[in-house]
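Chemist:
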Amino acid sequence: MPSRLLEIAVADKPARVFPMNKPIVRIGRAQDNDIVLHDERAVSRWHAVISHEAEGPVMLFDLESENGTFLNGWPIGQPVPVQPDDTIKIGNFRFVLREQRVTPDGPHR
4 MPSRLLEIAV ADKPARVFPM NKPIVRIGRA QDNDIVLHDE RAVSRWHAVI
54 SHEAEGPVML FDLESENGTF LNGWPIGQPV PVQPDDTIKI GNFRFVLREQ
104 RVTPDGPHR
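Heads up: take any position in the sequence shown, counting from 1, add 3, and you land on the numbering used here.
1) If you reduce the DSSP assignment to three classes, tell me which class R48 lands in.
2) What would DSSP say about R32, mapped onto helix, strand or coil?
3) Along the chain, where does the beta strand (DSSP E) containing L63 start, and where does it finish?
4) Would a check of beta-carbon distances place F73 closer than 8 angstroms to chain D?
5) If you run the structure through DSSP and keep just helix, strand and coil, what is T72?
6) If I follow the unbroken beta strand (DSSP E) through P82, where does it start and stop?
7) Taking the beta strand (DSSP E) that K92 falls in, what are its first and last residues?
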């Protein structure tokens, strides 16, 4: 089963890693989001949601934000699937979905 991560970068700062350990990840300016983005001009209070199941697709939803949510440079108007290494852009923030395969620890033969 893959372990999913979001790499979050803004401008020229080093990327942060956010483990997607919840089925729904909320993104926006408001403090009750899972990922809080501090940019009053470009990010809505409740901007976007990423949902995923353990074996299902990762889906990106824009929550009717003022400035939009972009997947690989294209604005989204309805929910869209996100693949590993796809780029999500919200304001000046860039997110990249990464998947890591988890293998059971054990003796190698």
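Virtual Cβ for every residue (Gly too), placed ideally from N, Cα, C. Note that this is a predicted model, so its numbers are computed, not measured.
Modeler: So, from the listed chains and residues:
1) coil
2) coil
3) V61 to D65
4) Given the protein chain composition of this structure (a single chain), no chain D is represented.
5) In this structure, T72 counts as coil in the three-state DSSP scheme.
6) Unbroken run through P82: none, as it is neither H nor E.
7) T90 to I93
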